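So in the numbering used here, spot 14 of the sequence shown is number 25, and the numbers just go up one at a time.
Glycine included, every Cβ here is placed at the ideal spot set by N, Cα and C.
The structure displayed is predicted, hence computed values, not measured ones.
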Amino acid sequence: LLHASDVVRRDAIQLAIQAGINWIDTAASYGNGQSEEVVGWLLRELPDKERPQVSTKFRVDPNGDDYTGQIRRSLDQSLRRLQMTSVPLVQLHNQLGSGDQQLPLNEVMRSDGVLDALDRIRAEGLTDFIGFTALGDASACRAVVESGRVDTAQVYYNLINPSAGFDIEGHWHSDDYTGLLAACQQFNVGVLGIRVYAAGILASRVQHGREIPVTRNSDYDSELRRADMAREVLAEMAGS
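Printed below as a string of structure tokens:
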């Protein structure tokens, strides 16, 4: 919806609705808010009964403290762009871990951390459910799920990296999310599958310029090689 004409945007929404899609997930960082703005005016053009549900995401600065204030400011701006007073689901967008640009697990779980802040945001009526993006350190992602304090997790799962649903044995090339889907099932955490086509790499060899890997030890060329290997296996299976 970002890099398209308004005609194409309207057509895309109508095709999605006709296909039975009833949920749109966006984020404050998608197009620096443009995604939320487009979703907002597109849905306002639809009858109430046809409008999909909408979820959005926010990022926090671990050096900024006052997570409640950070989240509220981000969400207030998101709601203004979406032309809504609340959304069903709000999700943490930061990857978890101790690396650069990652959010330490303790900042999520501690007293007055992100989860406490989200509880306050929910109590204010700005959202019904809270979730997080389960990217980064796999053990940290599982810990958040196992805390029982989130309703949803965005889980990376595709043919290039299906580790969230399988026990990976031996050498593995990237982030290993083994046990994550099982933990979600055990703790009744809803799953939003993300990157199911690996940002389009599994869908087509035609580049659109946004094939940006979000897992370790991955770049466009390596992802493309793995996608080609997956296609070869599928072709062999189809011919057997």
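Does the segment 132–151 come within contact of the segment 100–116, defined as at least 3 CB pairs closer than 8 Å? yes
For GLY31, which option in GLU61, LEU53, ASP22 has the closest C-alpha, if you only look at C-alpha atoms? GLU61
Min CB distance ALA149 to chain B below 9 Å: Absent from the structure: chain B. Only one protein chain is present.
Taking the alpha carbon of ILE171 as the reference point, which residue from ARG133, TRP183, THR96 has its own alpha carbon closest? TRP183
By a C-beta neighbour count over all protein chains shown, 10 Å radius and 16 as the cutoff for buried, is GLU47 buried or exposed? buried
Let me confirm a value: ARG92 is counted as buried when at least 16 other C-beta atoms fall within 10 Å, else exposed. Which label applies? buried
If we ignore side chains and look at the alpha-carbon of each, how far apart do THR189 and SER150 end up? 9 Å
On the three-state DSSP scale, how would you describe THR183? The question names Thr, but residue 183 is Trp in the sequence shown. In the structure shown, TRP183 sits in coil (DSSP, three-state: anything other than H, G, I, E or B).
Exposed or buried, which one is ASN228 when buried takes at least 16 other CB atoms within 10 Å? exposed
Exposed or buried, what is ILE223 when buried is set at 16 or more other beta-carbons lying within 10 Å of its beta-carbon? exposed
Run of the alpha helix (DSSP H) containing THR144, from where it starts to where it stops: Unbroken run through THR144 is the beta strand (DSSP E), 138–145; no alpha helix (DSSP H).
Kindly indicate which three-state DSSP category VAL207 falls into: helix, strand or coil? coil
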